[in-house]
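Read in this note's numbering, the sequence shown has 147 at position 145, and its numbers run on one by one without any break.
Reviewing the structure listed below.
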Amino acid sequence: MKLLDKLPIDSKERRLALSLDQSKIPAHIAIIMDGNGRWAKQRGLPRFAGHRAGVQRVRDIVEACSDLGIQALTLYAFSAENWKRPRAEVDMLWRLLRFYLRNDLADLMRNDVRLQSIGRVEALPPRAYEELRSTERATSRNKGMRLNLAINYSARNEMVDAINTILDEARIDGNLSRLVVDEKMVSRRLQTAGSPEPDLLIRTSGEMRISNFLLWQIAYAELYVTDTLWPDFDTMQLLYAVQDFQKRERRFGGLSNSLPDPEPQIPALTEEVGDEELELSLR
Ligand code: FPP
């Protein structure tokens with residue numbers, strides 16, 4: 003694990019990283035980064051200062067996840083509902099995004115991270131949009147961790163877009179009248195297609211909500227909600243979340259040690275049990 007080389011000998015982080023089970027590192031972590039505003043308020047600072055501190059955490063957590071061997075990291079950076087915030091705050095978030103993309107490209111390349119956006123990003127201000135596309139192009143051949151930045155993202159929009167794509171394709175192929183949609187068809191047309199489904203969904207700052215994030219993809223994700231505010235969510239906090247994840251017994255709706263089954267088979271009944279018999283056996 004590359005992370006171990008970077009953690010100081012005898013540090014708490016290193017001991018925690020060493021205690022992790024290498025065979026149970028989540029393939030995909032998704033994070034709802036929340037609490038920037040509260041972090042700033044607690045310090046008597048403007049909200050902007052919280053977002054700026056949040057960018058530093060994005061930087062640290064991207065590198066830590068890549069060093070941990072995570073295959074995909076999805077960060078909720080701006081929801082489709084966030085446009086309701088004051089104009090000055092929204093503008094500031096776009097400036098911070100541009101700043102991050104420009105300043106961190108070298109680090110993304112060094113860590114072999116491939117950055118991709120999910121969300122209706124065409125609606126972004128032109129300069130932020132261009133910077134995003136340029137970073138996507140520049141990192142498109144990287145083979146390491148995939149970093150999905152959810153920007154102007156809404157899971158419902160994403161599902162509606164996937165369904166419309168399926169309908170368009172069927173119209174072009176001329177088989178609309180025979181169209182039968184299944185789960186694989188939807189999954190392949192979501193913007194996260196190509197990333198494994200999230201195993202672990204982290205939400206910072208204590209709110210018990212999903213907030214329209216990856217609704218389809220998190221069907222079997224383990225949820226981890228921490229009171230830590232996003233600007234305080236450091237490598238140690240990430241390792242705690244992974245440690246907690248490793249203690250969970252994942253059953254995917256089955257019994258212990260089951261794996262997710264995309265198309266569970268309903269077994270044929272071998273024996274007819276009469277209602278009376280069933281009632282007796284349940285007593
Ligand atoms: C939630 O905190 C955070 C956001 C809406 C934006 C997240 C943005 C960043 C971490 C910085 C920019 C991101 C990138 C990828 C460069 P909040 O403002 O809702 O906090 P509050 O609930 O305490 O008010």
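Note that CB positions come from ideal geometry on N, CA and C, so glycine has one too.
Can you check whether the CB of residue j is closer than 9 Å to the CB of residue i?
| i | j | result |
| --- | --- | --- |
| Ile34 | Leu70 | no |
| Ala140 | Ala74 | no |
| Ile204 | Ile153 | no |
| Gly196 | Arg148 | yes |
| Asp36 | Trp232 | yes |
| Pro200 | Leu216 | yes |
| Arg191 | Ile168 | yes |
| Leu77 | Asn150 | yes |
| Leu287 | Leu241 | In the structure as shown, the chain begins at 3 and stops at 285. Residue 287 is therefore absent and cannot be evaluated. |
| Ser81 | Asn166 | no |
| Trp218 | Ala172 | no |
| Ser202 | Ile31 | Inspection of the sequence shows that residue 202 is occupied by Leu rather than by Ser. The answer is yes: Cβ separation under 9 Å. |
| Gly255 | Tyr222 | yes |
| Glu91 | Phe50 | yes |
| Arg61 | Asp109 | yes |
| Thr237 | Leu20 | no |
| Ala79 | Leu99 | yes |
| Glu132 | Gln118 | no |
| Gly146 | Arg180 | no |
| Trp96 | Ala130 | yes |
| Asp246 | Trp41 | no |
Consider the C-beta atom of residue i and the heavy atoms of ligand 1; say whether any pair is separated by less than 8 Å.
| i | result |
| --- | --- |
| Ala79 | yes |
| Ser207 | yes |
| Asp109 | no |
| Leu151 | yes |
| Arg40 | yes |
| Leu95 | yes |
| Met35 | yes |
| Asn166 | no |
| Ser154 | For the record, residue 154 in the displayed sequence is Asn; it is not Ser. It does not: the Cβ of Asn154 is nowhere closer than 8 Å to a heavy atom of ligand 1. |
| Val60 | yes |
| Leu99 | yes |
| Asn84 | yes |
| Tyr102 | yes |
| Leu231 | yes |
| Gly46 | no |
| Arg116 | no |
| Gly121 | no |
| Val162 | no |
| Lys14 | no |
| Val57 | yes |
| Gly256 | no |
| Gly71 | no |
| Arg148 | no |
| Arg49 | yes |
| Gly196 | no |
| Gly176 | no |
Between which two residues does the beta strand (DSSP E) carrying residue i extend?
| i | result |
| --- | --- |
| Asn154 | 148–155 |
| Ala79 | 74–81 |
| Val92 | Segment 89–112 is the alpha helix (DSSP H) holding Val92; no beta strand (DSSP E) there. |
| Tyr224 | The identity of residue 224 in the sequence shown is Glu, whereas the question assumes Tyr. From DSSP, the beta strand (DSSP E) with Glu224 extends over 224–227. |
At a cut-off of 8 Å, would you count residue i as near ligand 2, judging by its Cβ distance to the nearest heavy atom?
| i | result |
| --- | --- |
| Lys249 | Here the bound small molecules are ligand 1; ligand 2 is not part of this structure. |
Output the boundary residues of the alpha helix (DSSP H) element that contains residue i.
| i | result |
| --- | --- |
| Tyr131 | 128–141 |
| Val188 | 185–190 |
| Tyr242 | 237–249 |
| Leu6 | 4–8 |
Who does residue i pair with in a DSSP beta bridge?
| i | result |
| --- | --- |
| Ile120 | Ala152 |
| Ile212 | DSSP output for Ile212 lists no bridge partner at all. |
| Arg205 | Ile34, Val227 |
Give a yes or no on whether the minimum CB-CB distance between residue i and chain C is below 9 Å.
| i | result |
| --- | --- |
| Arg59 | Considering every chain present, this structure includes no chain C. It has just one protein chain. |
* Where in the region 19–51 do unbroken runs of the alpha helix (DSSP H), each at least 4 residues long, occur, reported from the N-terminal end onward? -> Inside the region 19–51, DSSP marks whole alpha helix (DSSP H) runs of 4 or more residues at positions 38–44, from first to last along the chain.
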